[in-house]
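These notes are about the structure you will find just below.
Protein chains: 2
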Amino acid sequence: MPSARPSLALGTAECKAAPVGQDAAVTSTRTGPRSVADHRAVVASLVAPQPEELVPLARARGRVLARDVVAGVSLPSFANSAMDGYAVRAAEVAHPPVVLPVGADIPAGRTDVPPLEPGTAHRIMTGAPLPDGADAVVPVEATDGGVERVELRETPLPGAHVRRPGEDVEAGAVVLRAGTVLRAPQVGVLAAVGVADVPVRRRPVVLVLSTGSELVAPGTELRPGQIYESNGPMLAAAVEEAGGRAELLRFVPDDVEQFLGRLADRVGAVDGGVDLVLTSGGVSAGAYEVVKDAFTGRGVEFVKVAMQPGGPQGAGRLDGAGGVAVVTLPGNPVSSHVSFEVFVRPALRAAIGHPHPDRAAVTATLGERWTSPAGRRQFRRGVLDAVRGVVTEVGGPASHLLGALARAECLVVVPEDVTELAEGSAVEVWLLDA
Amino acid sequence: MPSARPSLALGTAECKAAPVGQDAAVTSTRTGPRSVADHRAVVASLVAPQPEELVPLARARGRVLARDVVAGVSLPSFANSAMDGYAVRAAEVAHPPVVLPVGADIPAGRTDVPPLEPGTAHRIMTGAPLPDGADAVVPVEATDGGVERVELRETPLPGAHVRRPGEDVEAGAVVLRAGTVLRAPQVGVLAAVGVADVPVRRRPVVLVLSTGSELVAPGTELRPGQIYESNGPMLAAAVEEAGGRAELLRFVPDDVEQFLGRLADRVGAVDGGVDLVLTSGGVSAGAYEVVKDAFTGRGVEFVKVAMQPGGPQGAGRLDGAGGVAVVTLPGNPVSSHVSFEVFVRPALRAAIGHPHPDRAAVTATLGERWTSPAGRRQFRRGVLDAVRGVVTEVGGPASHLLGALARAECLVVVPEDVTELAEGSAVEVWLLDA
Numbered sequence: 500m501p502s503a504r505p506s507l508a509l510g511t512a513e514c515k516a517a518p519v520g521q522d523a524a525v526t527s528t529r530t531g532p533r534s535v536a537d538h539r540a541v542v543a544s545l546v547a548p549q550p551e552e553l554v555p556l557a558r559a560r561g562r563v564l565a566r567d568v569v570a571g572v573s574l575p576s577f578a579n580s581a582m583d584g585y586a587v588r589a590a591e592v593a594h595p596p597v598v599l600p601v602g603a604d605i606p607a608g609r610t611d612v613p614p615l616e617p618g619t620a621h622r623i624m625t626g627a628p629l630p631d632g633a634d635a636v637v638p639v640e641a642t643d644g645g646v647e648r649v650e651l652r653e654t655p656l657p658g659a660h661v662r663r664p665g666e667d668v669e670a671g672a673v674v675l676r677a678g679t680v681l682r683a684p685q686v687g688v689l690a691a692v693g694v695a696d697v698p699v700r701r702r703p704v705v706l707v708l709s710t711g712s713e714l715v716a717p718g719t720e721l722r723p724g725q726i727y728e729s730n731g732p733m734l735a736a737a738v739e740e741a742g743g744r745a746e747l748l749r750f751v752p753d754d755v756e757q758f759l760g761r762l763a764d765r766v767g768a769v770d771g772g773v774d775l776v777l778t779s780g781g782v783s784a785g786a787y788e789v790v791k792d793a794f795t796g797r798g799v800e801f802v803k804v805a806m807q808p809g810g811p812q813g814a815g816r817l818d819g820a821g822g823v824a825v826v827t828l829p830g831n832p833v834s835s836h837v838s839f840e841v842f843v844r845p846a847l848r849a850a851i852g853h854p855h856p857d858r859a860a861v862t863a864t865l866g867e868r869w870t871s872p873a874g875r876r877q878f879r880r881g882v883l884d885a886v887r888g889v890v891t892e893v894g895g896p897a898s899h900l901l902g903a904l905a906r907a908e909c910l911v912v913v914p915e916d917v918t919e920l921a922e923g924s925a926v927e928v929w930l931l932d933a
Numbered sequence: 500m501p502s503a504r505p506s507l508a509l510g511t512a513e514c515k516a517a518p519v520g521q522d523a524a525v526t527s528t529r530t531g532p533r534s535v536a537d538h539r540a541v542v543a544s545l546v547a548p549q550p551e552e553l554v555p556l557a558r559a560r561g562r563v564l565a566r567d568v569v570a571g572v573s574l575p576s577f578a579n580s581a582m583d584g585y586a587v588r589a590a591e592v593a594h595p596p597v598v599l600p601v602g603a604d605i606p607a608g609r610t611d612v613p614p615l616e617p618g619t620a621h622r623i624m625t626g627a628p629l630p631d632g633a634d635a636v637v638p639v640e641a642t643d644g645g646v647e648r649v650e651l652r653e654t655p656l657p658g659a660h661v662r663r664p665g666e667d668v669e670a671g672a673v674v675l676r677a678g679t680v681l682r683a684p685q686v687g688v689l690a691a692v693g694v695a696d697v698p699v700r701r702r703p704v705v706l707v708l709s710t711g712s713e714l715v716a717p718g719t720e721l722r723p724g725q726i727y728e729s730n731g732p733m734l735a736a737a738v739e740e741a742g743g744r745a746e747l748l749r750f751v752p753d754d755v756e757q758f759l760g761r762l763a764d765r766v767g768a769v770d771g772g773v774d775l776v777l778t779s780g781g782v783s784a785g786a787y788e789v790v791k792d793a794f795t796g797r798g799v800e801f802v803k804v805a806m807q808p809g810g811p812q813g814a815g816r817l818d819g820a821g822g823v824a825v826v827t828l829p830g831n832p833v834s835s836h837v838s839f840e841v842f843v844r845p846a847l848r849a850a851i852g853h854p855h856p857d858r859a860a861v862t863a864t865l866g867e868r869w870t871s872p873a874g875r876r877q878f879r880r881g882v883l884d885a886v887r888g889v890v891t892e893v894g895g896p897a898s899h900l901l902g903a904l905a906r907a908e909c910l911v912v913v914p915e916d917v918t919e920l921a922e923g924s925a926v927e928v929w930l931l932d933a
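Protein sequences appear in the order of chains X and F. Going by this note's numbering, the first sequence opens with residue 500, and the numbers climb by one from there. Going by this note's numbering, the second sequence opens with residue 500, and the numbers climb by one from there.
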């Protein structure tokens with residue numbers, strides 16, 4: 500019995516609200532950067548709660564129930580034996596050993612079970628229906644296992660080894676609540692109560708765009724100045740992990756008209772509609788910023804958010820493309836990923852009614868000294884020594900260190916008002932692989 | 500800064516080896532029931548390490564890398580600007596303000612970057628290649644933003660705001676290790692180094708069979724004695740959760756010849772072969788046990804394992820069907836699920852090289868008094884109050900309580916030699932939703 504770290508252990512199941520929600524009441528009347536909480540609220544408001552859809556049970560794994568499911572049958576649906584043995588009237592076995600003739604054989608699944616005549620026993624298998632007249636089962640281990648006649652060596656209490664109808668689930672009762680994530684046991688119980696199609700929340704459809712004429716597809720040789728496109732595949736994977744469905748639109752040239760045309764075409768072409776257009780890149784203060792140029796004045800607001808990485812953010816509903824929701828993430832891969840984690844992932848999970856929109860967050864001890872800029876919430880990439888409970892940075896704070904991000908196990912949150920963290924400080928950690 | 504439970508928190512990331520591995524050295528020369536560890540080793544030996552296959556990056560999410568991936572290019576692959584600003588020779592801006600003519604505009608993606616002539620600056624965007632001759636970038640915020648001529652107001656150190664080639668990942672270096680689970684950041688870094696197809700471990704194919712003539716499909720009316728088939732969908736979902744691919748074969752009649760024939764047909768029909776046949780039901784001491792009857796003497800060994808639920812287990816390689824691996828689970832749904840968790844899930848995950856074959860395990864405080872049978876390891880279904888760290892039972896120990904299993908968050912392990920647990924005892928808990 501492991502008891503070495505009884506309290507240490509608990510956090511594993513803990514999924515406390517991420518602190519970004521704690522200052523959600525702060526509104527930005529100031530002219531400085533927007534707070535993380537405010538931008539989070541803006542993004543959350545853009546992704547509507549998803550409607551219900553019916554999905555065959557075999558494809559429902561991982562989905563979230565849209566409403567309570569009521570059992571159409573009881574579990575068990577009929578009194579049945581909990582053991583292999585003999586169905587009897589308990590009172591007739593009051594003075595063992597008792598020898599009774601065996602009236603019938605009842606395998607599981609038999610639908611024409613004869614009633615139990617007084618003074619007889621029925622041989623019965625686990626799960627088989629208890630015959631009318633019987634009130635207990637004597638396990639085969641307490642008998643001689645006879646087929647014609649059986650010697651019963653123990654007195655059962657009335658009800659012994661009998662599963663009562665509805666003792667697990669009563670017909671008409673709620674068997675699973677809205678908001679339940681469907682894993683194997685939940686799939687099992689839905690099957691058991693006869694559910695063939697499951698009411699789940701639709702997966703929000705996210706159109707993932709990567710902009711930048713420097714981006715090329717893998718498999719081609721890089722020319723100087725070119726890079727392989729990585730944000731699109733990364734964000735598409737993140738969308739799917741969060742419970743959404745990603746459509747990837749790649750290699751949009753850095754030209755506003757082409758960009759808007761191609762976007763409108765694609766939004767219109769997605770069956771069932773697009774819930775969110777997610778871009779990366781093209782939003783900073785540079786001269787060639789196609790996303791910013793295309794969306795400015797068309798319903799998308801561009802702001803600086805008081806965070807690092809991921810300061811330049813945008814969000815809104817696009818005029819002229821059915822008012823589709825747009826979130827623009829910065830182009831540096833680490834900024835993109837962190838912004839997705841902070842703003843988009845919780846919005847998508849809330850939209851599908853997930854019970855835990857936020858990453859599991861824990862408190863750990865910082866294994867080194869850090870400085871952090873004032874006025875910005877930092878999200879740094881860390882690795883966690885779980886035995887010692889110590890977190891250290893992997894890579895560094897720079898937002899282009901994708902290789903380091905891929906080795907990270909967690910994000911470490913440094914609040915806006917903290918500029919120095921001594922070694923040994925308690926820090927908040929978001930677990931990326933939980 | 501949350502600091503209330505600094506040590507509490509740590510366990511969240513902890514994934515210690517499940518204790519079933521601790522007594523793996525015990526071998527069964529005795530005639531009593533087989534130990535959990537021994538049967539676990541038998542099942543593990545049946546599922547071979549999976550071969551490597553190449554999967555397009557867009558479909559690699561959630562898969563496990565089969566081997567180290569070496570970067571084909573450095574990240575960054577060329578020196579580039581970390582800011583929007585002006586590429587300069589740092590020494591020429593030693594005494595600011597300095598006004599220089601702007602020689603060229605370098606957007607990200609430009610492949611024909613002219614060298615920087617002495618006494619000039621190039622306007623440069625984030626991510627754009629640093630021109631030959633330049634050794635630093637002055638951020639646009641420290642300039643007048645000029646297009647023809649620019650006033651530079653700060654002296655950069657040499658190398659300032661320049662990302663060096665390979666400072667994140669060096670070409671030729673291992674960018675991700677074998678055994679890495681591919682989540683969004685890992686997908687991103689593979690894309691960034693130009694990987695189009697990813698070497699991952701093949702998903703083991705598991706043919707899931709449910710036996711029992713009492714089983715009917717959802718959507719039909721139950722006659723007395725019939726139940727909706729639930730183990731098949733539940734185990735198929737569990738196989739997929741574990742990283743395998745499930746093929747479901749339903750409603751095998753309780754007849755040995757039909758059973759073996761149908762099984763051989765189906766094993767032969769699965770493209771790429773079947774790695775494991777997983778049955779449920781038909782293995783206990785009853786008279787009508789098709790699985791036991793069909794497999795006995797054909798390479799599958801049936802044993803009692805010292806656990807509850809899930810005592811009757813079987814495993815082996817089937818003579819005459821290409822020696823396909825077979826694991827037989829008991830038919831009660833809770834027994835089926837628990838056996839899968841204890842024996843099959845870790846075997847499947849080990850076969851794909853997953854770094855954490857076992858469930859995350861933590862220690863919690865028991866919120867009630869329990870008794871437990873001697874000589875059997877019990878796996879009871881619990882709910883965990885994560886704030887107090889207290890676990891209590893949901894439903895009861897009976898193995899037909901599927902509705903209760905579906906509300907459970909964890910399995911609570913009671914060792915073989917423990918028969919009484921006082922309220923407040925430390926117990927080992929396997930988290931089912933982590």
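Built from N, CA and C at the ideal position, the CB exists for glycine as well. The structure presented is a predicted model; accordingly, all values stated were derived computationally and were not measured.
#### Entry: Candidates X:Val804, X:Val893, X:Asp884, X:Ala814, of which the one nearest Thr795 (chain X) by Cα
X:Ala814
### Task
Would you please verify whether the beta carbon of Ala593 (chain F) is less than 8 angstroms from any beta carbon of chain X?
no
### Task
Pick out whichever of X:Glu867, X:Arg879, X:Val912 has its Cα sitting closest to the Cα of His899 (chain X).
X:Arg879
### Run of the alpha helix (DSSP H) containing Gly767 (chain X), from where it starts to where it stops
755 to 768
#### Entry: Neighbourhood of Asn579 (chain F) by C-beta distance below 7 angstroms, restricted to the same chain and skipping five residues each side
Gly626, Ala627, Pro628, Leu629, Arg662
### Query
Can you name, in chain order, every residue of its own chain whose Cβ lies under 7 angstroms from the Cβ of Val546 (chain F), other than the five neighbours on each side?
Pro703, Asp774, Leu775, Ala824, Ala846, Leu847, Ala850
### Query
What in chain F is Cβ-close to Thr610 (chain X), meaning under 9 angstroms?
Glu713, Arg722, Pro723, Gly724, Gln725
### Query
Using a C-beta cutoff of 8 angstroms, does Glu551 (chain F) count as contacting chain C?
Protein chains X and F are contained in the structure displayed, whereas chain C is not.
### Message
Please confirm whether His899 (chain F) has its beta-carbon closer than 8 angstroms to some beta-carbon of chain X.
### Response
yes
### Cβ neighbours of Arg560 (chain X) in the same chain (closer than 8 angstroms, five flanking residues each side left out)
Leu681, Arg682, Ala683, Val686
### Query
By how many angstroms is the C-alpha of Val612 (chain F) removed from the C-alpha of Pro829 (chain X)?
24 angstroms
### Task
Counting only the same chain and skipping the five closest in sequence on each side, list residues whose C-beta sits under 7 angstroms from that of Ala524 (chain F).
Legend: pLDDT at Ala524 (chain F) = 36, less than 50; position of this residue unreliable, value from coordinates given subsequently. Cβ within range, chain order: n/a, list empty.
#### Entry: Nearest candidate by alpha-carbon position, reference Gly852 (chain X), set X:Ala565, X:Val541, X:Ala543
X:Ala565
#### Entry: Proximal residues of chain F, C-beta to C-beta of Ala793 (chain X) below 7 angstroms
Going along chain F, no residue has its Cβ under 7 angstroms from Ala793 (chain X), so there is no contact; the nearest lies around 16 angstroms.
### Where Asp696 (chain X) falls: helix, strand or coil (DSSP)
strand
### Task
Work out the CA separation of Val886 (chain F) and Val542 (chain X) for me, nearest whole Å.
30 angstroms
### Query
Taking just the CA atoms, how far does Met624 (chain F) sit from Gly781 (chain X)?
11 angstroms
### Message
Count Cβ pairs between the region 649 to 668 of chain F and the region 603 to 617 of chain F that sit closer than 8 angstroms; are there 3 or more?
### Response
no
### Message
Considering only the alpha carbon of each residue, which of F:Val841, F:Glu746, F:Gly531 lies closest to Gly767 (chain F)?
### Response
F:Glu746
### Task
Anything in chain X within Cβ reach of Arg662 (chain F), meaning under 8 angstroms, just list it in chain order.
Ala897, His899
### Query
Could you give the distance in angstroms between the alpha-carbon of Ala873 (chain F) and the alpha-carbon of Leu656 (chain X)?
23 angstroms
### Task
Determine the closest residue to Ser834 (chain F) out of F:Thr610, F:Ala903, F:Val649, F:Pro856, with distance taken between C-alpha atoms.
F:Ala903
### Task
Alpha carbon to alpha carbon, how far is Val917 (chain X) from Ser544 (chain X)? Give it in angstroms, no decimals.
29 angstroms
### Message
Looking at Val837 (chain F): is its Cβ nearer than 8 angstroms to the Cβ of Pro808 (chain F)?
### Response
yes
### Query
Secondary structure at Arg906 (chain X), three-state DSSP: helix, strand or coil?
helix
### Message
With a threshold of 8 angstroms between beta carbons, is Arg875 (chain F) in contact with chain X?
### Response
no
### Query
Using the C-alpha atoms, what's the distance from Val688 (chain X) back to Gln725 (chain F)?
16 angstroms
### Query
Terminal residues of the continuous beta strand (DSSP E) containing Ser709 (chain X)?
704 to 710
### Message
Cβ closer than 7 angstroms: which chain F residues qualify as neighbours of His853 (chain X)?
### Response
Simply none; closest approach about 12 angstroms.
#### Entry: Beta-carbon neighbours of Phe577 (chain X), restricted to chain F and to distances below 8 angstroms
Pro723, Gly724
### Query
Roughly how many angstroms lie between the CA atoms of Val649 (chain X) and Val601 (chain X), to the nearest whole one?
7 angstroms
### Task
Tell me, to the nearest whole angstrom, how far the beta carbon of Arg868 (chain X) is from that of Glu788 (chain X); I am working on the premise that it is less than 8 angstroms.
About 36 angstroms; that fails the 8 angstroms criterion.
### Message
Tell me which residues share the same chain as Ala691 (chain F) and place their Cβ nearer than 7 angstroms to its Cβ, disregarding the 5 neighbours each side in the sequence.
### Response
Leu574
### Query
Mapping DSSP to helix, strand and coil, what is Asp537 (chain X)?
helix
### Query
Helix or strand or just coil, what does DSSP make of Gly602 (chain F)?
strand
### Query
In chain order, what residues of the same chain lie with their CB nearer than 6 angstroms to the CB of Pro854 (chain F), ignoring the 5 residues before and after it?
Gly678
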